[in-house]
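All remarks here apply to the structure that follows.
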Amino acid sequence: MLNVHNLSVSFGGEYLFEEISFRLNGGDRVGLIGKNGAGKSTLLKLLFKEMPYDTGTIAIEKNIKIGFLKQDIDFEQGRSVLEETYQAFEEIKTLETQLEEVNLQLAERTDYESEEYNQLMIDLNDLTHRYEIVGGYNYQGDTEKILQGLGFKREDFNKKTDTFSGGWRMRIELAKLLLQKNDVLLLDEPTNHLDIESIIWFEQFLKSHTGAVVIVSHDRMFLDNVTNRTIEISLGRIYDYNKPYSKFLKLRGEIKQQQLNAQKNQEKEIQQAERLIEKFRAKSTKASMAQSLIKKLDKMERIEVDADDNAVMNVRFPISVAPGKVIAEIENLSKSYGSNEVLKNINLLLERDSKTAFVGQNGQGKSTLAKIMVGELEHEGRFKLGHNVQIGYFAQNQAEYLDGSKTVLDTMIDSANEKNRNKVRDILGSFLFSGDDVEKYVKVLSGGERNRLALAKMLLQPFNVLVMDEPTNHLDIKSKNVLKQALKNFEGTLIVVSHDRDFLQGLTNKVYEFKDRKIKEYLGDIDYYLDRRKAANFRAIEKKQEVQRVKDLSDKGQNSFKDQKKIKSIKNKLSSLEKKIAGLEKSISDTDHELLMNYDATIAQPDFFDQYDQKKKELDDLMLTWEQTTLELEKLS
């Protein structure tokens, strides 16, 4: 589908990567990894022909369609969700304009026998035929179907795109890519603004995509779940293996160890040959043997060990002063944006040294509550900070607040005070800005480098409570791991808004889910939360306990003969419903197990997803009937 040969790109006289080669085939789902600034986003732009390269070739098969999801989405102001999504159908929209013009001319003209009128009729026929071929009569229905599949409701279709959060706008862009039916998908940080449920949906979509996919992502779990191949850019070279991320790391480690062992053996061989050369060189009878050994050494191809770029951040978040036991008290807090109520009557008590995660779909109020806590938003209800509380805040778009016209060093110096101004260079060094890097202008930094600078800037202010809204966006995997360890070691109170499952694992001990203007507490980490959310969908244990409780109450009740007869009938109905529910739950559970164990074979079954959805719908209907029947039994009892 696409072939890259000896591709080289340089900036300011330094090669970003040099003479790299690889090929993309249908079914390849490539994780493109590397440190911030290694050239990942640049390579995607090159593949999309958005920027020039120095040397080499990029050959693309004829009629191959390439779709590019960029880090930053820039929608035209004033378009509705539907209007923006329709931008996926460029040819169809052009044909609609042409058809409208032809029909208008036909309606205005009366020279029915003229050559021009006849040509208009021919044009109308050709345009109509082409319009039908490219799906002009189906695209509106397809668009609505895809948008609903991505979580949009019909009432959202005519809302303006600028009224939606970044995560929802990302879904609109995904809908456009899906509707375009591209052969190659280039995805630059696609999960940055997606919530956990959206990521899970997106994983399933990518697994079923038959074309090639190249993904730049720092979400390790996402890469492991989706990719079947990994290309790493490191120190200007690429390392390409047909393995997902974690298996790639293991394999690359094993290969490097083999290289080290081979290099050691070669060194021993070279040393032995050099000793023999010195020994034979002085003897005329063995001079020819010495010359033979010298020629052998000259021709020997020296074994090289792959170089690793192991530079990582050195982050430590110190505590300013010890706060009181209570960090914040929230009572009956509500927040609306115009007629859109995001939070309603929220009650929350945050205690010292707690480690809390805010999760939930985009637009449910996670970032809103974070901004209220740091005093950025007005609200209704009571919010009170505890004694000696000093909050350090990392906003989701923190990097956007940086002045692009300043250098890295000036950015830090301008934020420092007299006490810590002399530590600025040391702090920058710990965040991998050293030497000439500190003189770079902010506007030329990559997304990850800007995030690192924003984190470094935070350390210039005192705090004992950290509120971090999506801190891992754009950070490479090594930097993310360093940040996670620093937050684990942080001795203060932590609140993290994040959708990154791998980052949250083991980091927090409490999860608050934001949903339907409320919050729900889960006393565990993200794995506990996800496990509970999955179990809550079926509620098997709760159902059985409730059924038994209703039965016990009905047995003890004093009812008339007529009521007793009706109760018996309802009990029989409940028993029948429970058997059906149990059977369906087992069937769905077995299907889920088959998906986990043998995904490709399972989804290859005819109408698999239709049958699966039908079972889920049937279970929901049975549950509703069960609840209504249970209420009827309770009233009689």
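Heads up, the sequence shown is in the working numbering, so the first residue is 1465 and it goes up one at a time. Glycine included, each C-beta is placed from N, C-alpha and C at the ideal position.
In this chain, the beta strand (DSSP E) harbouring E1844 covers 1844–1849.
Taking the CA atoms as reference points, A1786 sits about 20 Å from V1960. If you look at H1469, you'll find it isn't in any alpha helix (DSSP H); it sits in the beta strand (DSSP E) that goes 1466–1475.
For E1478, the enclosing beta strand (DSSP E) begins and ends at 1478–1488. Counting C-beta atoms within 10 angstroms of its own C-beta, K1513 has fewer than 16 neighbours from the protein chains shown and is therefore classed as exposed. Taking 8 Å as the cut-off, the Cβ atoms of S1803 and E1844 do not count as close.
By alpha-carbon distance to Y1857, the top candidate from V1931, Y1865, F1967 is V1931. The shortest CA-to-CA distance from V1929 to any of T1936, V1946, K1944, L1951 is the one to L1951. Around the beta carbon of L1511, a 10 Å sphere encloses 16 or more other beta carbons of the protein chains shown; the residue is thus reported as buried.
A check of alpha carbon separations from K2030 across Y1993, V1906, I1783, L2097 identifies L2097 as the nearest.
The alpha-carbon separation between S1756 and E1731 amounts to approximately 18 Å. By the CB criterion at 8 Å, I1990 and L1958 fall outside the cutoff. A contact between stretches requires three or more CB pairs, one per stretch, nearer than 8 Å, and the region 1697–1717 meets this requirement with the region 1474–1485.
In this structure, the beta-carbon distance from D1652 to K1759 does not fall below 8 Å. Take E1913, set aside five residues on each side of it, and the residues of its chain with a beta-carbon closer than 7 Å to its own are N1500, G1501, in chain order. Put simply, the region 1846–1861 touches the region 1933–1943. At least three CB pairs are less than 8 Å apart. Shortest Cα-Cα distance from V1598 to any of K1623, R1493, K1557 involves K1557.
Taking each of E1955, D2085, I1810, H1682 in turn and checking the Cα distance to L2048, the smallest one comes out for D2085. Between the beta-carbon of I1663 and that of T1655 there is about 5 Å, and that keeps the pair under the 8 Å contact cut.
Exclusion of the five residues before and after L1924 leaves S1879, A1880, N1884 as the residues of its chain whose Cβ lies within less than 6 Å of its Cβ. Beta-bridge annotation (DSSP): L1650 is paired with F1532, V1678.
In this structure, DSSP gives S1798 an extended state, which the three-state scheme calls strand. Nearest neighbour of G1956 by Cα position, chosen from Q2078, K1819, L1873, turns out to be K1819. Our two residues, L1812 and R1493, have alpha carbons roughly 43 Å apart in a direct line. CA-to-CA, the gap between N1915 and T1832 works out to about 21 Å. Taking all protein chains in view, the Cβ of V1908 is surrounded by fewer than 16 other Cβ atoms within 10 Å, so the residue is classified as exposed. In the three-state scheme derived from DSSP, where H, G and I count as helix and E and B as strand, K1883 is classed as coil.
Ranked by Cα distance from N1527, the first of R1981, K1645, Q1668 is K1645. Bridge pairing for V1785: absent [DSSP]. For E1555, the enclosing alpha helix (DSSP H) stretches over residues 1554–1572.
I1855 places its beta carbon less than 8 Å from that of M1837. Taking 8 Å as the cut-off, the Cβ atoms of L1642 and I1610 count as close. The region 1876–1946 is shown to contain whole beta strand (DSSP E) runs of 3 or more residues at 1929–1933, in chain order. Between N1467 and R1487, the C-beta spacing is below 8 Å.
Inclusion of Y1550 and T1607 in the CB contact set at 8 Å is warranted, their separation being smaller than that value. Residue ranges of uninterrupted alpha helix (DSSP H) with 4 or more members, entirely inside the region 1684–1751 and ordered along the chain, are 1684–1690, 1709–1745.
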